[in-house]
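Residue numbers (our numbering): 73 to 390.
All C-beta atoms, glycine included, are put in the ideal place defined by N, C-alpha and C.
Below is one structure, written out as structure tokens, with a few remarks after it.
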Ligand SMILES: [Zn+2]
Ligand SMILES: [Zn+2]
């Protein structure tokens, strides 16, 4: 996806976004319960399907008749229940046929968000975890507040990961495992951004190389990846290695040396990435850098231009 193509044929000028209309239908207990009933049914289907030899696509849809749904929701009066179901129908619930109600994708997402838990009602005080700092090998400590998870080095206090995650990330997991999930989630967000769209609002993202002077982010590299959402204005920063680790030239290089780049950036969940790579500035105006990955006796040099696009790759003996 390129941000230069906003005028291409077929582009939609405006989505019918009336914020109050988006959330109003679900801002009510009975309606959340209805969506939860579908989510519970989905979980039952999932558990059954995990052991099933096969299932048709229809078997995987959590569908209920009016009566079935009414029985699963804690409301006495069917008229009252019907009123709330009606409010959800269209945007969050759809009718598959005369009888059967099922969630729309928006309904599935809201139910998922309910399971993921809130962002503001959970707090974790700074706690050391069983992971080592990708920069210096010392320990790591984690804290969580206002929906932000911060992992920092116990030696230097520098943050190595800052991720916005819901409280559900911690449920049923050790703190260290929760941090791994948060780091993986952060990579997913980065992938969306490097693919050119915003993981929060789905707007287009304009990518560029940015000088590494941003406070609170550890980096020895002169430049990092910067993505700015054209719609919501959120700014996404990341190391160039994290930008490049999905590039076919990098993946192929790691694979040929018997390594998996996903592991390289899983263990070192450093958002700015200073692992096997070295960044050299070729030009400052406009910025262009070469990121060199070194494995065994070979070097892969990847040239990245001002738009954070790979313009050249070259392999040579080290
Ligand atoms: Zn450290
Ligand atoms: Zn956005």
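What is the rounded straight-line gap between the Cα of residue i and the Cα of residue j?
| i | j | result |
| --- | --- | --- |
| residue 242 | residue 164 | 27 Å |
| residue 201 | residue 249 | 9 Å |
| residue 104 | residue 312 | 41 Å |
| residue 279 | residue 150 | 52 Å |
| residue 382 | residue 318 | 12 Å |
| residue 137 | residue 114 | 15 Å |
| residue 246 | residue 259 | 20 Å |
| residue 325 | residue 350 | 15 Å |
| residue 56 | residue 209 | Lying outside 73 to 390, the shown extent of the chain, residue 56 is not represented and no answer is given. |
| residue 194 | residue 251 | 15 Å |
| residue 320 | residue 173 | 44 Å |
| residue 116 | residue 135 | 12 Å |
| residue 300 | residue 96 | 29 Å |
| residue 271 | residue 156 | 30 Å |
| residue 177 | residue 353 | 45 Å |
| residue 297 | residue 315 | 7 Å |
| residue 147 | residue 153 | 7 Å |
| residue 370 | residue 235 | 34 Å |
| residue 185 | residue 108 | 10 Å |
| residue 98 | residue 188 | 16 Å |
| residue 364 | residue 275 | 32 Å |
| residue 143 | residue 239 | 30 Å |
| residue 190 | residue 355 | 45 Å |
| residue 102 | residue 196 | 31 Å |
| residue 268 | residue 162 | 30 Å |
| residue 121 | residue 130 | 12 Å |
| residue 227 | residue 211 | 7 Å |
| residue 277 | residue 376 | 17 Å |
| residue 302 | residue 273 | 10 Å |
| residue 289 | residue 207 | Its pLDDT being 46, under 50, residue 289 is placed unreliably in this model, and the coordinates cannot settle the point. |
| residue 140 | residue 224 | 49 Å |
| residue 123 | residue 307 | 43 Å |
| residue 265 | residue 133 | 31 Å |
| residue 283 | residue 233 | 19 Å |
| residue 295 | residue 380 | 10 Å |
| residue 145 | residue 322 | 52 Å |
| residue 333 | residue 366 | 12 Å |
| residue 204 | residue 229 | 13 Å |
| residue 127 | residue 218 | 42 Å |
| residue 125 | residue 222 | 43 Å |
| residue 181 | residue 158 | 19 Å |
With a Cβ-Cβ cutoff of 8 Å, do residue i and residue j count as a contact?
| i | j | result |
| --- | --- | --- |
| residue 183 | residue 199 | no |
| residue 390 | residue 373 | no |
| residue 331 | residue 358 | no |
| residue 237 | residue 256 | no |
| residue 362 | residue 281 | no |
| residue 368 | residue 329 | yes |
| residue 160 | residue 106 | yes |
| residue 262 | residue 310 | yes |
Exercise. With a floor of 3 residues, list each beta strand (DSSP E) that falls wholly inside the segment 187-231, ordered by position along the chain.
Key: Taken in chain order, the complete beta strand (DSSP E) segments of 3 residues or longer contained in the segment 187-231 are 196-204, 211-217 and 220-225.
Self-check item: Those residues, in chain order, that have a beta-carbon closer than 6 Å to some heavy atom of ligand 1
Solution: With 6 Å as the limit between CB and the heavy atoms of ligand 1, the residues that fall short of it are 205, 207, 208, 210, 225, 227 and 228.
Self-check item: Pocket of ligand 2 (residues with CB nearer than 6 Å to any heavy atom), chain order
Solution: Ordered along the chain, the selected set is 270, 272, 273, 275, 301, 303, 304 and 306.
Self-check item: Every unbroken alpha helix (DSSP H) within the segment 244-310, with a cutoff of 4 residues, ordered by chain
Solution: For the segment 244-310, whole alpha helix (DSSP H) runs of length 4 or above, ordered along the chain, are 247-266.
Self-check item: Continuous beta strand (DSSP E) assignments of at least 3 residues falling wholly in the segment 138-182
Solution: DSSP runs (the beta strand (DSSP E)) wholly in the segment 138-182: 165-167 and 173-175.
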